[in-house]
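**Student:**
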Amino acid sequence: MPRTGSAGARTYSRTSYRAPVPSASRRRRALFARATLAAALVLAIAAAGWYAVGALTALGHGGAAGSTSSTAPQSTPRSAWRAGEVPALYQRDPAWAQASYAGDAFGESGCGPTCLTMAYVALTGRSDLTPADVGALSERLGCATADGTAWAFMTEGAAELGLIAEEIPADEASVRQAVVAGRPVICSVGPGDFTTTGHFIVLTGVNERGQLTIRDPNSPERTAEAWDFDTVLGQCRNLWAYSAA
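Per UniProt numbering, the sequence shown starts with residue 1, numbered consecutively.
1) Please report the straight-line C-alpha distance between Thr223 and Cys115, rounded to a whole angstrom.
2) Determine whether the beta carbon atoms of Phe106 and Ala132 lie at a separation below 7 Å.
3) Provide the residue span of the beta strand (DSSP E) that contains Thr149, from first to last.
4) Have a look at Glu160, Asp193, Thr145, Ala119 and flag the residue whose alpha-carbon is nearest the alpha-carbon of Ala178.
5) Looking at C-alpha atoms only, which residue of Val189, Ser138, Leu233, Arg183 is the closest neighbour of Ser100?
6) Have a look at Arg34 and Thr196 and give me their C-alpha separation to the nearest angstrom.
7) CB Val232 to CB Leu212, shorter than 7 Å?
8) Which of the three DSSP states is assigned to Ser188 in this structure?
9) With 16 as the cutoff for other CB atoms within 10 Å, does Val180 come out buried or exposed?
10) In the structure shown, what three-state DSSP assignment does Asp216 receive?
11) Spell out the partners DSSP gives Glu166 in its beta bridges.
12) Grouping DSSP H, G and I as helix and E and B as strand, with all else coil, what is Arg82?
13) May I ask you to report which of helix, strand or coil DSSP gives Phe106?
14) How many Å lie between Asn238 and Pro220 at the Cα?
15) Pick out whichever of Gln91, Gly103, Ala173, Gln98 has its Cα sitting closest to the Cα of Ala110.
16) Can you list, in chain order, the residues of its chain with a C-beta nearer than 6 Å to that of Pro191? Leave out the 5 residues immediately preceding and following it.
17) For Tyr120, does the three-state DSSP call read helix, strand or coil?
18) State yes or no: is the C-beta of Arg183 within less than 7 Å of the C-beta of Ser243?
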């Protein structure tokens with residue numbers, strides 16, 4: 001029961017006051033809300049982890065949307081490598097497909113080093129390094145992982161090769177400016193036309209119809225196609241434009 005203190009304040013004795021007890025339905029609703037919140041938190045953490053791994057690495061085989069050729073592709077011969085032209089190099093070329101890379105055969109996971117080799121040749125005109133050699137560089141730098149090639153290799157590997165790599169935004173104006181100036185652009189793409197997992201391709205120029213020309217290291221057929229900017233950039237995770245140091 002309430003009683004009046006010395007100052008007339010209304011107080012409760014320890015034995016007279018009882019906190020209200022929530023009904024069973026309210027307790028059930030509270031438990032459900034906590035369980036829902038916990039489940040949402042677990043899903044958010046899992047999604048963030050998947051994105052972090054996917055964003056920092058790119059597999060070379062491209063999943064179901066990988067190679068479209070039933071035979072081993074033939075790259076541009078080394079005798080034809082020259083400055084100003086991005087050669088068509090393929091990770092499954094028999095000349096290096098069986099080299100070890102990222103815990104797998106180079107032909108399965110070597111898209112990143114193959115793309116950087118194409119940029120290296122186009123900017124230097126040199127033919128001293130094959131995609132397998134550039135893959136070995138990625139291994140030495142710690143950029144080859146069980147998930148593929150780390151994005152860090154696109155800048156760290158470039159520096160080792162005497163190239164300057166600049167991250168550029170995934171918009172048409174930036175890409176167009178780079179390739180028209182003769183700067184190859186390596187693009188990390190997610191699931192879509194080029195891969196079901198992760199992949200690297202090279203953007204090489206703009207044709208007379210205003211479409212992108214590319215080099216897909218896992219598909220001569222996709223290399224031969226011209227692509228709308230929106231199609232490619234809509235699947236892009238990151239872009240690096242290259243120039244000679």
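Idealized CB from N, CA, C, for every residue including glycine.
**Tutor:** Concretely, from the data shown:
1) Your numbering for residue 223 matches position 223 in the sequence shown. Your numbering for residue 115 matches position 115 in the sequence shown. C-alpha separation (whole angstroms): 12 Å.
2) Your numbering for residue 106 matches position 106 in the sequence shown. Your numbering for residue 132 matches position 132 in the sequence shown. Going by C-beta atoms, Phe106 is nearer than 7 Å to Ala132.
3) Counting from one through the sequence shown, the residue named residue 149 turns up at place 149. Element bounds for Thr149: 148-150.
4) Residue 178 sits at position 178 when you count from the first residue of the sequence shown. Selected option, being the one with the closest Cα: Ala119.
5) Here residue 100 refers to the residue found at position 100 of the sequence shown. It is Ser138 whose Cα lies nearest to the Cα of Ser100.
6) The residue labelled residue 34 in the question sits at position 34 within the sequence shown. The residue labelled residue 196 in the question sits at position 196 within the sequence shown. Distance between the alpha carbons of Arg34 and Thr196 is about 36 Å.
7) Along the sequence shown, one-based indexing puts residue 232 at 232. Along the sequence shown, one-based indexing puts residue 212 at 212. In this structure, Leu212 lies closer than 7 Å to Val232 by Cβ.
8) Here the question's residue 188 lines up with position 188 in the sequence shown. The answer is strand: DSSP assigns Ser188 an E or B state.
9) Locating residue 180 in the sequence shown gives position 180, counting from the first residue. Val180 comes out exposed.
10) On the sequence shown, position 216 is the one that residue 216 refers to. Reduced to three states, the DSSP call for Asp216 is coil.
11) Looking up residue 166 in the sequence shown gives position 166. Answer is Ala241.
12) Within the sequence shown, numbered from 1, the residue matching residue 82 stands at position 82. Arg82: coil per DSSP, three-state reduction.
13) The residue labelled residue 106 in the question sits at position 106 within the sequence shown. Helix, per DSSP.
14) The residue given as residue 238 occupies position 238 in the sequence shown. The residue given as residue 220 occupies position 220 in the sequence shown. Their Cα atoms are separated by approximately 23 Å.
15) To locate residue 110, count along the sequence shown from 1; it is residue 110. Correcting the residue type first, residue 110 is Gly in the shown sequence and not Ala. Cα-wise, what sits closest to Gly110 is Gln91.
16) As a first step, residue 191 is located in the sequence shown; it is residue number 191 there, counting from the start. Closer than 6 Å at Cβ, skipping near neighbours: no residue.
17) One-based indexing of the sequence shown puts residue 120 at position 120. Note: Tyr120 maps to helix in three-state DSSP.
18) The residue given as residue 183 occupies position 183 in the sequence shown. The residue given as residue 243 occupies position 243 in the sequence shown. Yes. Within cutoff.
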